[in-house]
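Read top to bottom, the protein sequences are chains Y and Z.
According to the working numbering, the first sequence is numbered sequentially starting from 70.
According to the working numbering, the second sequence is numbered sequentially starting from 70.
Structure first, then comments.
There are 2 protein chains.
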Amino acid sequence: MTNRYRIGDLATQLAVPTQTIRYYEHEGLLSKPARTEGNYRVYGIAERERLTFILHCRALDMTLDEIRHLLRLRDAPGQGCAEVNAVLDAHIGHVAERIRLLNDLQLQLKDLRARCESPSTSKDCGILQGLASFPTAQDGGASRAGVHGRRAQE
Amino acid sequence: MTNRYRIGDLATQLAVPTQTIRYYEHEGLLSKPARTEGNYRVYGIAERERLTFILHCRALDMTLDEIRHLLRLRDAPGQGCAEVNAVLDAHIGHVAERIRLLNDLQLQLKDLRARCESPSTSKDCGILQGLASFPTAQDGGASRAGVHGRRAQE
DNA sequence: AGAGACTTTATAGTAGCTTCAAGGTCAAGC
DNA sequence: GCTTGACCTTGAAGCTACTATAAAGTCTCT
């Protein structure tokens, strides 16, 4: 039968590390699976679908908490999906806000960058001086935008 | 004199937690300050300015590594500031890339959201179905955009 | 029987803090 | 002189979502 998977099968099929699958189990997103005699995890179709769901949510950059929330809703099939909409709308809001902050940030960075077009010594560098005297974020501030990703490095 | 600060003074003036100042010291961004008889840290104007510099860089969402780099350049005043420009340009590149990823993400989320405008039960919810069957990120994927900030929550 | 690919658990590391615990210091008030 | 309370000290743990490592057990093939 095709609906019995070991952790490595699932990992290969869905292109996710095995450790991540165990981590999701540890975090309660996946429930504890059956085991073979040799104590290997065994997964079926339902678990494969659940993991797919989780991975899609992650690809949309939801937190594990948001995903936990959606999974709870998914597990209560008669409930009406207004709450699903609410979770998604909140997430869309997070993303929109983040984009706004990053655009502000980009403006400030370009402004700063424009202070040093001509070569000079760092003692007189307009950028370094700007960084020492610029108004701080808390005054009308950009809070924090989160530029550095975990998968999208360099 | 106004140029002797304890850690709490500095923290209040620059609106940063005292623990964060100690953390920057631990990470080598600030050097070990003088101490009072009672072993309290004492800071002067130069340290205050250095911390201001660091906080401005953080407000522009640079990593501590990027900031360390800029501080090294700042500490070598005769060096020419081409490298300062390079650090900043690289950072501007990071931000631009992040904005691009988030815009992709926003499109996908809105697409998904459009699947459930009419109220229904979660069993039939187009969003939950979409999340279970959507193409995964790895096929042409958005890698990871990083939506959830540390200071800008909810 | 032995090699090699797979699995198991537990543990530590990543970034940039934040929070906690257990205690030491200092100025003011009674 | 003694207490109260605000401040300071260090060290360790917690946060997110993994990733990496180690040491050991299992399975499959030859």
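By construction, the Cβ of each residue, glycine as well, lies at the ideal position given by its N, Cα and C atoms.
Please read these numbers as outputs of a predicted model, since none were measured by experiment.
- Query: Does the beta carbon of Leu176/Z come closer than 7 Å to any beta carbon on chain Y?
  - Reply: no
- Query: Any idea which residues DSSP pairs Val111/Z with across the strands?
  - Reply: Ala103/Z
- Item | 7 Å CB neighbourhood of Asn72/Y in its chain, flanking five on each side removed | Gly113, Ile114
- Item | Listed by chain order, chain Z residues near Asn72/Y by CB distance under 9 Å | Ordered by position in chain Z, no residue passes the 9 Å Cβ test against Asn72/Y, which lies about 16 Å from the chain.
- Message: Which residue marks the beginning of the alpha helix (DSSP H) containing Gln165/Z, and which one marks its end?
- Response: Looking at the sequence provided, one finds Ala at residue 165/Z rather than Gln. From DSSP, the alpha helix (DSSP H) with Ala165/Z extends over 151-182.
- Query: Applying the criterion that 16 or more other CB atoms from any shown protein chain within 10 Å of the CB defines a buried residue, is Tyr109/Y buried or exposed?
  - Reply: exposed
- Item | Against chain Y: residues of the stretch 111-130 of chain Z by CB proximity under 7 Å | Glu118, Thr121, Phe122, Leu124, His125, Cys126, Ala128, Leu129, Asp130
- Task: Round the Cβ separation of Leu120/Y and Leu83/Y to the nearest angstrom and send it over; I've been treating them as touching at under 8 Å.
- Result: 6 Å
- Per DSSP, Tyr74/Z forms a beta bridge with which residues? Tyr112/Z
- Item | For Ser100/Y and Leu176/Z, the rounded distance between their alpha carbons | 32 Å
- Task: With 7 Å as the threshold, decide whether the Cβ of Ile161/Y is near any Cβ in chain Z.
- Result: yes
- Task: Evaluate His18/Y with the Cβ neighbour count: other Cβ atoms within 10 Å of its Cβ, from every protein chain shown; 16 or more gives buried, anything less gives exposed.
- Result: The first residue shown for chain Y is 70 and the last is 223, placing residue 18/Y beyond what the model contains.
- Going along chain Y in order, which residues have a C-beta closer than 8 Å to the C-beta of Asp158/Z? Arg182
- Buried or exposed by the 16-neighbour rule on C-beta atoms within 10 Å, applied to Asp130/Y: buried
- Item | CA-to-CA distance, Phe122/Y to Ala155/Y, given in whole angstroms | 18 Å
- Keeping to the same chain, check which residues put their C-beta closer than 6 Å to that of Val153/Y; ignore five residues upstream and five downstream. Leu142
- Query: So, His125/Z versus Leu140/Y, is the Cβ gap smaller than 7 Å?
  - Reply: no
- With 7 Å set as the bound, which would you pick, yes or no: does the beta-carbon of Leu79/Z sit closer than that to a beta-carbon of chain Y? no
- Query: What span of residues does the alpha helix (DSSP H) with Thr132/Y cover, start to end?
  - Reply: Run containing Thr132/Y: none; DSSP gives neither H nor E here.
- Item | Proximal residues to His138/Z (C-beta, below 7 Å), its chain only, five neighbours per side dropped | Val156
- Let me know the secondary structure DSSP gives Ala128/Z once reduced to three states. helix
- How many Å lie between Arg184/Y and Leu178/Y at the Cα? 10 Å
- Task: Using three-state DSSP, classify His217/Y as helix, strand or coil.
- Result: coil
- Message: Taking 7 Å as the threshold (beta carbon to beta carbon), is Gly215/Y in contact with chain Z?
- Response: yes
- Just the C-alpha distance for Ala128/Z and His160/Z, rounded to the nearest angstrom, thanks. 13 Å
- Report buried or exposed for Glu106/Y, applying the criterion of at least 16 other Cβ atoms within 10 angstroms of its Cβ. exposed
- Are any of the Cβ atoms in chain Z nearer than 7 Å to that of Ala155/Y? no
- Task: List the residues of chain Y whose Cβ lies closer than 8 Å to the Cβ of Asn172/Z, in chain order.
- Result: Ile168
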